[in-house]
Structure formats: structure tokens, C-alpha cells
Amino acid sequence: MVNLILIILHLVGKGKASIFTGFCNYHDQNIFQPIEENEYRLNDLKQNYLFAYRAFALAYYERHSTFGFMKEHFQIKKQRGDNTEEIEQKIQFYEKHLNFIENLRNSMNSNLDNKRFERISTEVLVWPRNYGVAATSMFFVDKDVQGKVINNPLYYISPFFFTIIPTESNTVVLMSYLTKDKNRYKFLKDQIVKAPLDQQKVLISNILAMNVENFFISPKQWNKTLIEIRQLYTEILKNTMGKEKPGIGHFKKLNIFLDID
């Protein structure tokens with residue numbers, strides 16, 4: 201695991217760090233034009249859908265890349281005569297997951313083509329400061345703030361689309377989900393949106409550290425964050441990524457959205 205504390209960060213511009221562009225230039229220029237060339241508009245269904253779609257596009261690419269690496273690893277072990285039972289089980293499990301992802305892709309594309317943007321619902325946080333943080337990701341929330349299980353991999357799982365947008369004077373957090381699963385994600389409004397601002401920052405910091413790899417932070421913000429907080433973030437990332445996670449907010453001291461001047 202890379203030690204984030206030792207990384208020397210470099211400034212990059214919009215379109216480089218802020219939001220993933222995961223398709224060819226044609227699709228980035230056309231499908232995502234309403235979010236690339238325009239400022240975020242609160243409660244704009246189309247923009248909210250496109251941000252969720254972009255998070256899905258990144259996840260789709262990442263999962264297929266991971267599956268490719270798994271198959272290569274299997275072939276290497278097989279050629280060496282190693283025991284391949286464990287990795288074969290992982291491949292079988294991942295194939296089932298990719299089937300789910302493929303069905304989701306078909307659904308997302310159909311909704312996009314037919315402008316059914318209401319099929320994605322979004323809870324929004326707007327903080328009155330640009331913290332120099334950007335992120336986009338799709339994952340499956342393990343537990344809510346109170347520790348209640350949200351997604352059990354043995355049953356139906358529901359994707360969560362997560363985006364942080366730094367604007368000129370604000371930080372916008374988009375928490376999106378399939379509208380048909382609104383009951384599952386009602387905790388977002390009850391436990392996060394309605395929380396005090398300082399608590400919101402802790403909760404979103406927890407979500408980032410436990411779930412999001414496609415994450416960017418300005419060098420100024422990161423370098424002025426307390427070393428203890430940077431160490432905590434790194435340890436959480438190392439110990440929870442790809443593993444069972446505690447409830448959102450479990451790490452009560454984690455807050456990377458500090459008012460640093």
C-alpha cells in the first residue's frame with residue numbers, strides 16, 4: 201500500500217483530476233457535455249444522472265480490468281502446477297458479479313437513451329467552501345451510520361454512485377442510487393443530509409477512505425491536514441478497501457474537509 205503521507209502532490213487542471221473520463225473522446229465530448237461544460241445545477245435530474253453514469257462507467261472499466269488480471273493470475277498458477285482451487289472460486293464469484301454489472305449497464309444505457317433520468321435519485325450536500333477534493337465512484341454500501349447492513353452480498357445488492365465536485369466557491373457531494381431502491385437508501389437523508397455540517401464532513405470522509413480509490417485532493421489541502429489525520433486516512437484505506445467495513449462514521453476523528461487558509 202502506498203503511503204499517501206509521502207506522496208508529493210502536483211497541481212492539475214479541470215478535466216485532469218476533477219472527474220473521470222472513461223470513454224473515448226467522442227463520448228466524453230457528447231454524453232458528458234452537460235456536466236463537463238456547465239456548472240453543476242442543484243436538482244438537475246439530467247446532470248445527476250450523468251454524474252451517476254460516469255461513476256458507473258469507471259466501475260465497469262475497473263471491474264473488467266480486475267477480472268482480466270484474475271484470469272492471468274490463474275493461468276500463471278496453473279502453468280506452475282500450483283493449487284488453483286481458491287482462485288477458481290474467486291473467478292466464478294466475479295463472473296456472477298460481472299453479469300450483474302452487465303445487466304446494470306444495459307439498464308443504465310436504456311434509461312440514458314430514453315431520457316429516463318428520474319430512474320436515479322440523488323441526495324445532495326452543498327458546503328460553502330471549495331476544499332479542493334474531487335471523487336467519483338460506484339460501490340455497494342456495507343452499513344449505514346448506525347451500523348445497519350445495507351447490502352448483503354448473499355442477497356440483492358444495490359449500487360451507490362458517489363461524486364464530489366469542487367466548484368469555484370463550494371464543494372458539492374452527490375449521493376445517488378436507483379430510485380426503485382429508495383427505501384434502502386433513505387438513511388442518506390435521515391443520517392447524513394440532516395446531520396450538522398461538521399458531522400457531514402466526518403461521514404463523507406469515512407465514505408471516501410473506506411470505499412473510493414478514484415480520489416483527488418489539492419496539495420495545499422492535503423499538506424496542511426494534520427499528519428495524524430493523513431495517517432488515519434491511509435490506515436483506513438489499507439485496512440478496509442475490498443473488505444467488510446464498519447458503519448459510516450465509525451472513524452469519528454477522520455475529517456479531511458478542514459477550513460485551512
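The numbering of the sequence shown is this note's numbering, which starts it at 201 and goes up by one. Note that beta-carbon positions come from the ideal geometry of N, C-alpha and C, so glycine has one too. Predicted model only: the values in this text are computed from it and were never measured.
- Judged by beta-carbon spacing, residue 367 lies beyond the 8 Å limit of residue 248, meaning their Cβ atoms are not closer than that value.
- Taking the C-beta atoms as reference points, residue 324 is found no nearer than 8 Å to residue 402.
- Closest option to residue 311, judged by alpha-carbon separation, among 280, 250, 358: 250.
- DSSP lists 416 as the bridge partner or partners of residue 334.
- Sixteen is the threshold: when 16 or more other Cβ atoms of the shown chains lie within 10 Å of the Cβ of residue 436, as they do, the residue is buried.
- For residue 373, the uninterrupted beta strand (DSSP E) segment begins and ends at 371-378.
- Sequence-distant Cβ neighbours of residue 415 in its own chain, meaning closer than 7 Å and more than five residues away, are 335, 408.
- Within the same chain, 310 come within 8 Å of residue 316 by CB-CB distance, once the 5 residues on both sides are set aside.
- Assignment of residue 440 by DSSP, reduced to helix, strand and coil, places it in the helix class.
- Between residue 263 and residue 240, the alpha-carbon positions lie close to 28 Å from each other.
- In this structure the segment 447-459 lies against the segment 417-433, because at least three pairs of beta carbons, one per stretch, are closer than 8 Å.
- Residue 323 is bridged by DSSP to 375.
- The alpha carbon of residue 404 has as its nearest neighbour, out of 352, 442, 327, 348, the alpha carbon of 327.
- In the assembly as shown, residue 254 is a buried residue. Its beta-carbon has 16 or more other beta-carbons within 10 Å.
- Under the three-state reduction of DSSP output, residue 277 falls in the helix class.
- Just so you know, the alpha carbons of residue 344 and residue 379 end up roughly 18 Å apart.
- The continuous beta strand (DSSP E) containing residue 366 extends over residues 360-366.
- Bounds of the alpha helix (DSSP H) holding residue 402 are 397-411.
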